[in-house]
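Encoded as structure tokens, the structure appears first; notes follow it.
Number of protein chains: 2
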Amino acid sequence: METQEKPGRDNLRHRLVDAAERRIGEQGLSGLKARQVTADVGCALGALYNAFEDLDDLILHVNARTLDRLAAAFAGAHRAGESAEETIAVLAQTYVRFALENRMLWSAVFALALPEGRSAPDWYVVRYRALIDQIADPLAKLRPDLSPEELQLRARTLFAAVHGVVRLFLEARFLAVPQDRITPEVAALVKAMTRGLSAAE
Amino acid sequence: METQEKPGRDNLRHRLVDAAERRIGEQGLSGLKARQVTADVGCALGALYNAFEDLDDLILHVNARTLDRLAAAFAGAHRAGESAEETIAVLAQTYVRFALENRMLWSAVFALALPEGRSAPDWYVVRYRALIDQIADPLAKLRPDLSPEELQLRARTLFAAVHGVVRLFLEARFLAVPQDRITPEVAALVKAMTRGLSAAE
DNA sequence: AAGATTTTTGAACATTGTTCAAAAGATCGG
DNA sequence: CCGATCTTTTGAACAATGTTCAAAAATCTT
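These protein sequence lines map, in sequence, to chains A and B. 159 is the number that numbering that gives the first Met the number 0 gives to position 160 of the first sequence; each next residue is one higher, with no gaps. 92 is the number that numbering that gives the first Met the number 0 gives to position 93 of the second sequence; each next residue is one higher, with no gaps.
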């Protein structure tokens, strides 16, 4: 039901995702209102609930696009003949850069809190897993001793650690940090982690 | 206005924070409703807005309590004559344990998103800084080469990295992880980081 | 006790997400 | 081309919720 989708520019679903993406990109996730986005598109309020389950469903589609763009940035960041350490460092910097250049949309990916008991659909989780796989790949060279499951877990840890730093710094929740400090801090973190990781346990 | 506060058990502000803390602890941040919490306390709806600026203000007071309890747990985790590496490892495990035992309240600390332009008040930021200081302390022994500012920044990075791992795993946003995997993953992360950190740059 | 001041109240308002019966439009058999 | 049937779209209505504020109640002052 979700997988086959006519990509026509006039498709209502597509137009709604476009408009929602614009709104979130400009005003943030909390700036997305059902009435606003349907007005942008020029349809009735109720039409949104024909096209999508609810607002969260629409947001998931915007977030899926963002994850796809990040995955593409990851894929484009590789250089042939790089060491695994270098690849991981490049991916981390790519992540920081992407987050900085897509603050609102990137925040929305992690700010969306599904209600208790409702989990993200498969077509969405797939995108997240694709990101993790791009990290697990170079990590496997650094840690040939880990099983595939452990590798997957460790890649998620690495992702979450970098993500946590970027997020806490970017949200400026407590005290703002000059933005040019984020890049070297993440670099130091990743350097420390890849050094530590390459050493045998 | 915020600093002097009669701690009496019958103080309305105090009772409201109690009730809000209970509600958040049980139903999560989104389970806190103005009507609900005032009914719990047995006052009128509007009374909440005499006692606090708004709901966010009330939540900040609940979160401040949580931060205080975490700070106390940090302070109680130290052993005399520990190495700096050990101290940091213990703090990280203390953090994981605290987050697991106070999931809802701990989530609320980071889930609260102040509206654009509104930043946390000083009496709140102080508590966050106290936590960071407890990390910067042992870190200073590992990295005597860093200036106080760099140390503060690096401590926040360390905190954010561990925080990111705990958060992403606990929220189970994408795929749930068995809870007993969190502790060893964080241990591996911190081990890698302290190893990397102790090496000269 | 009377007046002034402070606190408390809860009805009213504004904003939102969501539903759903009715209207409009599309499809198709004859 | 008409009418019947199905699909899509509509937007008024509803429910939940944060917030305000004029009036009522309580407290304090003299």
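Glycine is no exception: its CB is placed at the ideal position from the N, C-alpha and C atoms.
Any chain A beta carbon closer than 8 Å to residue i
i, result
"B/R12", "no"
"B/L152", "yes"
"B/A191", "yes"
"B/G41", "no"
"B/M163", "A quick correction: the sequence has Gly, not Met, at residue 163 of chain B. For B/G163, the answer is yes, since a Cβ of chain A falls inside 8 Å of its Cβ."
"B/R180", "yes"
"B/L188", "yes"
"B/G195", "yes"
"B/A160", "yes"
Among the options, the one whose alpha carbon lies nearest that of residue i
i, options, result
"A/L141", "A/A159, A/R155, A/S82 and A/L59", "A/S82"
"B/A18", "B/A112, B/D39, B/Q92 and B/S118", "B/D39"
"A/F158", "A/G30, A/A43, A/Q92 and A/H13", "A/Q92"
"B/H211", "B/V16, B/I87 and B/R78", "Summary: the structure shown does not reach residue 211 of chain B, with chain B confined to residues 0 through 200, and so no result is reported for it."
"B/R153", "A/S118, A/A154, A/R126 and A/V189", "A/V189"
"A/L145", "B/H77, B/A187, B/L90 and B/P114", "B/A187"
"B/R14", "B/G27, B/G30, B/V36 and B/L28", "B/V36"
"A/K32", "A/L57, A/L11 and A/R12", "A/L57"
"A/P114", "A/D53, A/A79 and A/L11", "A/D53"
"B/V89", "B/A74, B/D179 and B/E100", "B/A74"
"A/L111", "A/G30, A/L69 and A/R12", "A/G30"
"A/I181", "A/T86, A/F51 and A/F97", "A/F97"
"B/D55", "B/L167, B/A119 and B/Q151", "B/A119"
"B/V125", "B/R78, B/A70 and B/L99", "B/A70"
"A/G27", "A/P183, A/N101, A/R155 and A/V176", "A/N101"
"B/P177", "A/F51, A/E148 and A/E85", "A/E148"
"B/M103", "B/R166, B/E85, B/L47 and B/L138", "B/R166"
"A/R12", "A/F51, A/V95 and A/G41", "A/F51"
"A/L169", "A/L99, A/G41, A/R117 and A/T193", "A/L99"
"A/A156", "A/Y123, A/T193, A/N49 and A/D179", "Note that residue 156 of chain A is Thr in the sequence shown here, rather than Ala. It is A/T193."
8 Å Cβ cutoff, residue i in contact with chain B
i, result
"A/T156", "yes"
"A/K140", "no"
"A/E184", "yes"
"A/R166", "yes"
"A/D17", "no"
"A/E1", "Only weak support exists for where A/E1 lies, its pLDDT of 45 falling under 50; the value from the coordinates is given anyway. So no, A/E1 is outside the interface."
"A/A199", "Legend: pLDDT at A/A199 = 47, less than 50; position of this residue unreliable, value from coordinates given subsequently. No, A/A199 lies away from the interface with chain B (no Cβ there is under 8 Å from its Cβ)."
Within 8 Å, do at least three Cβ pairs link the region 106-114 of chain B to the region 21-36 of chain B?
yes
Closer than 8 Å is the cut-off here; do at least three beta carbon pairs connect the region 159-169 of chain A with the region 53-67 of chain A?
no
Tell me whether the region 120-134 of chain A and the region 125-139 of chain B touch, counting them as touching only if at least three CB pairs, one residue from each stretch, are closer than 8 Å.
no
Which parts of the region 22-100 of chain B are runs of the alpha helix (DSSP H), unbroken and 4 residues or longer, counting only runs that do not cross its ends?
33-40, 46-50, 54-76 and 83-100
Which full runs of the alpha helix (DSSP H) of 4+ residues lie inside the region 120-185 of chain B, going along the chain?
121-141 and 147-170
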